[in-house]
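Structure first, commentary second.
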Amino acid sequence: MAVRVQAEDFSIEAEIGALTRGRTTIGGVASFIGLVRDMAGGESIRSMTLEHYPAMADQMLAEIEAEAKQRWSLDASLIVHRYGRLKPGDRIVLVITASAHRGDAFEACQFLMDWLKTQAPFWKKEETSTATRWVEARASDDDAAERWLSEKTNE
Amino acid sequence: MTAAPIKLLYFAWVRDRIGLAEESVTPPTEITDVAALIAWLKTRGPRYEAALKNDRVVRVAINQRFAKPEDAISPGDEIAVFPPVTGG
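Residue numbers (my numbering), protein chains in the order written: chain A, 2 to 156; chain B, 22 to 109.
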């Protein structure tokens, strides 16, 4: 179980390799990679700059990961989140979950993404050809995160 | 309780509007919770007023943990003020 916040790019293959090497209890690995899109609100994006609150980002990602480990049977997991100035097509975030069976890996991976979207202190700023603006939080992201709360309550 | 400084951190458009990334402040001793702190900050000038006018949007963390308006603040705390997060 690990979280990393870094400016550098990451290699998905290297990360999955490092996470699963020698762990033969793992039967399935799920991953999610978030990328910078080239369009937002009909406008072309030149760059996206990610700002973060370092001390809190480390702590929140670790807490989110610990929560996933409690809810699902995970053999290994990794969250990598980048910061700094990125270009369209660049990788922003990586979540990897590994479990004996695919169900836990798939669900934990989606949970981690949904939760870090609303809990991890990162902020995106988009640069178009005419302006620079902070990206607004989306209600749909809150709804996606809320869903896991209600599922927990219904248990 | 004697007045002691609080470390304030601002992020994203809250920082842009206030024009500062961080500062050390000593609020009056009657300022004891998050809601009162934000209300007091708004009185510190038009930049603060502009940054914090919609206090239902602005998020606050005390010592790197999300805080509610009624949560208590203490001297020596690190208090961060920022917009809803948009990472991932």
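All residues carry an ideal CB built from backbone N, CA and C; glycine is no exception. Since this is a predicted model, take the numbers as computed values, not measurements.
**Study point:** Close-in-space but distant-in-sequence residues of the same chain around Arg-140 (chain B) (CB under 7 angstroms, 5 per side omitted)
**Key:** There is no way to answer for residue 140 (chain B), as the model of chain B reaches only from 22 to 109.
Check your understanding: Along the chain, which unbroken stretches of the beta strand (DSSP E) at least 3 residues long are found entirely within the region 37-113 of chain A?
Key -> Complete beta strand (DSSP E) runs here, min 3: 44-53, 77-83, 85-87 and 92-100.
Practice item. Kindly give me the distance between the Cβ atoms of Leu-117 (chain A) and Leu-62 (chain A), rounded to whole angstroms, as I take these residues to be in contact under 8 angstroms. Key: Contact between Leu-117 (chain A) and Leu-62 (chain A) is confirmed by a C-beta separation of about 7 angstroms, below the 8 angstroms threshold.
Review point. Based on the DSSP secondary-structure assignment, which residues constitute the bridge partners of Arg-5 (chain A)?
Key: Paired residue(s): A:Val-81.
Check your understanding: What residues are listed by DSSP as bridge partners for Leu-29 (chain B)?
Key -> Beta-bridge partners assigned by DSSP to Leu-29 (chain B): B:Glu-44 and B:Ile-100.
Exercise for review: Output, in chain order, the set of chain A residues within a Cβ distance shorter than 9 angstroms of Gly-97 (chain B).
Suggested key: Result: empty, since nearest Cβ-Cβ is about 15 angstroms, beyond 9 angstroms.
Review point. Roughly how many whole angstroms lie between the Cα atoms of Ala-8 (chain A) and Arg-83 (chain A)?
Key: For Ala-8 (chain A) and Arg-83 (chain A), the gap between their C-alpha atoms comes out near 5 angstroms.
Practice item. Count the other CB atoms, across all protein chains shown, that sit within 10 Å of the CB of Met-22 (chain B); report buried if there are 16 or more and exposed otherwise. Key: Because the pLDDT at Met-22 (chain B) is just 49, under 50, the model does not fix this residue reliably, and the point stays unresolved.
Check your understanding: Which bits of chain A does Val-106 (chain B) rub up against, with CB to CB less than 8 angstroms?
Key -> Identification of chain A residues near Val-106 (chain B) by a Cβ-Cβ cut-off of 8 angstroms yields Lys-118, Thr-119, Gln-120, Ala-121, Pro-122, Phe-123, Trp-124 and Ala-138, ordered along the chain.
Check your understanding: Quick one, which of A:Arg-92, A:Leu-113 and A:Trp-135 has its alpha-carbon nearest Ala-145 (chain A)'s?
Key -> The residue with the shortest Cα to Cα distance from Ala-145 (chain A) is A:Leu-113.
Practice item. Apply the 10 Å Cβ neighbour rule to Thr-26 (chain A) and answer buried if 16 or more other Cβ atoms are within range, or exposed otherwise. Key: The residue is exposed, with fewer than 16 neighbouring Cβ atoms inside 10 Å.
Point to revise | Proximity winner among B:Pro-26, B:Pro-49 and B:Ala-56, relative to Glu-43 (chain B) (alpha-carbon distances) | key: Out of B:Pro-26, B:Pro-49 and B:Ala-56, B:Pro-26 has the C-alpha closest to the C-alpha of Glu-43 (chain B).
Practice item. Compare the C-alpha of Gly-18 (chain A) against each of A:Arg-92, A:Ser-45 and A:Ala-99 and name the closest. Key: Of the candidates A:Arg-92, A:Ser-45 and A:Ala-99, the one whose C-alpha sits nearest the C-alpha of Gly-18 (chain A) is A:Ala-99.
Point to revise | Partner residues on chain A for Ala-82 (chain B), Cβ-Cβ distance less than 8 angstroms | key: The answer, in chain order, is Tyr-54, Met-57 and Pro-122.
Point to revise | Residues bridged to Ala-31 (chain A) (per DSSP) | key: A:Thr-98, per the DSSP bridge assignment.
Check your understanding: Glu-137 (chain A) by DSSP, collapsed to three states: which one?
Key -> In the structure shown, the three-state DSSP call for Glu-137 (chain A) is coil.
Review point. Do you know offhand how far Asp-121 (chain A)'s Cα is from Glu-14 (chain A)'s?
Key: With the sequence shown as reference, residue 121 (chain A) is identified as Ala, and Asp is not the correct amino acid for it. Taking the straight line from one Cα to the other gives about 25 angstroms.
**Study point:** Minimum C-alpha distance to Asp-10 (chain A) - residue among A:Val-81, A:Val-4 and A:Asp-142
**Key:** Closest option to Asp-10 (chain A), Cα to Cα, is A:Val-81.
Check your understanding: How many Å lie between Asp-39 (chain A) and Ile-46 (chain A) at the Cα?
Key -> About 5 angstroms.
Review point. Does the beta-carbon distance from Lys-212 (chain A) to Thr-50 (chain B) come in below 8 angstroms?
Key: Residue 212 (chain A) is absent from the structure shown; chain A starts at 2 and stops at 156.
Practice item. For Ser-45 (chain B), collect the residues of the same chain with a Cβ closer than 8 angstroms to its Cβ; drop the 5 residues on either side in sequence, then sort them by chain order. Key: If we look at Ser-45 (chain B) and ignore the five residues flanking it on each side, its Cβ neighbours are Pro-26, Ile-27, Lys-28 and Leu-29.
Check your understanding: How is the beta strand (DSSP E) around Lys-64 (chain B) delimited, first residue to last?
Key -> Looking at the sequence provided, one finds Thr at residue 64 (chain B) rather than Lys. Thr-64 (chain B) -> no beta strand (DSSP E), and no H or E assigned at all.
Practice item. Identify the continuous beta strand (DSSP E) that holds Ile-83 (chain B) and give its terminal residues. Key: Ile-83 (chain B): member of the beta strand (DSSP E) spanning 80-83, first to last residue.
Review point. Whose C-alpha, out of A:Thr-131, A:Trp-149, A:Thr-119 and A:Ala-132, is nearest the C-alpha of Arg-139 (chain A)?
Key: If we check each option's Cα against that of Arg-139 (chain A), A:Thr-119 comes out closest.
Check your understanding: Who does Thr-129 (chain A) pair with in a DSSP beta bridge?
Key -> The bridge partners DSSP lists for Thr-129 (chain A) are A:Ile-46.
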